[in-house]
Amino acid sequence: MSIDTARPALSPACLKPEVRDFSPYVAGMSIDEIRERYGLAQVVKMASNENPLGTSPLVQRAICEHAGLAFRYAQSGNPRLVRAIAEHLGVESARVVVGNGSDEIIDLLIRVLARPGVDNVIAFKPSFSMYGLQSRLCGVEFRATPLNADFTFPWDAFVAQADAHTALAFVTTPDNPSGFTPPAAELEALAARLPQGCLLVVDEAYMDFVADQAAHSLLGRLASFPNVAVLRTFSKLYGLAGLRLGYGVLPEWLADYMWRTRPPFSVNVLAEAAGLAALEDQVFRDETVRAVAEGRQYLAHALRNLGCEVLPSQSNFLMFRPVAALDGGVPVSARVLFERLLERGVIIRPLKSYGLEEWVRVSVGNERENALFIELTREILHG
Ligand SMILES: *Cc1c(COP(=O)(O)O)cnc(C)c1O
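Printed below as a string of structure tokens:
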């Protein structure tokens with residue numbers, strides 16, 4: 069018992085230090101927010117990598133059909149959904165844990181595996197901010213290795229920051245925000261180099277958009293990699309970002325402990341029904357993949373023609389920066405481009421919160437949205 073650990077009077081001084089110092093997740097701006105701020109009738113959001121085709125009609129019908137079941141708790145363990153996902157992926161059900169978005173799986177992995185004040189979590193810098201946010205919130209040291217200047221992964225430096233207390237190593241592929249996608253062989257090599265107590269978590273939120281998945285994902289071969297887990301989500305390809313549904317494919321023993329500790333009803337009855345319908349709707353997924361591939365190609369080409377540097381991407385977004393303006397154009401910073409697009413009703417994602425002030429990320433929209441975005445960007449960059 070020491071005096072300095074006695075609780076002060078109930079006030080913010082009572083908060084855990086990790087909470088007092090917490091800087092929250094920075095989300096893409098919402099359509100309503102921008103519509104109000106600029107008094108616009110129409111706002112296009114290309115900021116959060118949502119599905120450009122919206123919600124599948126089959127999913128909408130399933131949600132309506134299950135609306136009357138909203139008074140029920142979901143069945144413990146979401147068994148139907150887990151079976152359907154496992155079947156769809158060709159993995160054992162016992163490996164699959166579903167969550168309230170893959171965000172919940174990320175959070176739970178850290179809470180289940182990393183000991184506060186003892187262990188650490190490693191990732192790249194920049195990377196998806198949830199890895200660092202949830203680590204710090206849990207009182208777990210977060211170590212981030214800077215990416216190479218071309219946004220590829222410096223594996224040696226990554227492995228060098230791991231030690232006997234590294235609980236988790238997060239790698240995102242395709243990477244967000246750059247779009248970089250390393251060959252699966254590099255992830256295999258990484259798995260073999262990490263310390264024995266460390267789980268490699270490969271966040272494949274955007275893998276569904278990659279043309280040759282066998283060459284880039286370890287998912288089909290997880291049985292040979294006892295220290296690897298893969299995360300996927302229904303938020304992007306499946307168009308269910310607002311319903312919150314993601315999952316991890318994990319070593320069986322870990323999946324068991326995740327189920328024991330996950331809040332019992334975090335995947336609700338409508339998310340479950342929607343997920344099952346989304347898995348059935350191959351037509352919608354094929355359409356989405358096609359629309360994204362075409363839109364991405366169109367955007368990359370058009371942005372390069374406007375003098376922008378565009379990173380290669382296999383995903384449903386592009387990271388780019390307005391470089392020196394072409395003939396007649398004036399140089400415009402990423403910040404200014406972002407703000408002028410906003411005033412005109414197009415929301416893209418500035419990357420300041422990722423430490424990339426010169427860059428922005430744009431999600432592939434539908435044909436009309438892509439054309440509008442390019443038209444406005446041309447106006448802003450070239451007057
Ligand atoms: C969008 C995204 C996710 C998915 O998050 P959900 O919680 O499933 O919506 C996970 N990881 C990365 C890198 C993402 O960009």
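Residues in the sequence shown are numbered consecutively from 69, following my numbering. Beta carbons are placed, not taken as given, at the ideal position from N, Cα and C, and that holds for glycine. These figures come from a predicted structure and were not determined experimentally.
- Given a length threshold of 3 residues, each whole run of the beta strand (DSSP E) inside the stretch 185-222 is given here in chain order: 188-193 and 209-214.
- Secondary structure of Cys376 (DSSP, three-state): strand.
- With distances taken between CA atoms, Trp321 lies nearest to Glu160 out of Glu160, Arg358, Leu258 and Tyr306.
- Using a 10 angstroms sphere on the CB of Phe210, the tally of other CB atoms reaches 16 or more, which defines it as buried.
- Taking 8 Å as the cut-off, the Cβ atoms of Phe385 and Val432 count as close.
- According to DSSP, Val414 shares a beta bridge with Val112.
- Per DSSP, the beta-bridge partners of Val270 are Val239 and Val298.
- Residue environment for Ala152: buried (at least 16 other C-beta atoms within 10 angstroms of its C-beta).
- At a threshold of 7 Å, Thr301 counts as near ligand 1, since its beta carbon sits closer than that to one of the ligand's heavy atoms.
- Judged by beta-carbon spacing, Thr249 lies beyond the 8 Å limit of Val296, meaning their Cβ atoms are not closer than that value.
- When distances are taken from the beta-carbon of Asn244 to the heavy atoms of ligand 1, the shortest one is below 7 Å.
- Taken in chain order, the complete beta strand (DSSP E) segments of 3 or more residues contained in the stretch 153-190 are 164-167.
- Here the alpha carbon of Cys376 sits roughly 16 Å from the alpha carbon of Ala439.
- Here Thr234 is not near Glu272, since their CB atoms are 8 Å or more apart.
- Only residues of its own chain outside the window of five on either side were considered, and among them Arg75 and Pro76 have a CB closer than 7 Å to the CB of Cys82, listed in chain order.
- The residue among Ala359, His369 and Phe352 with its C-alpha nearest the C-alpha of Leu126 is Phe352.
- Ser124 and Val414 have their C-alpha atoms some 24 Å from each other.
- Note that the stretch 155-174 touches the stretch 309-323; at least 3 beta-carbon pairs, one per stretch, sit closer than 8 Å.
- Between ligand 1 and Gly185, a heavy atom-to-CB distance of less than 7 Å is absent.
- A Cβ-Cβ contact shorter than 8 Å links Phe219 with Ser246.
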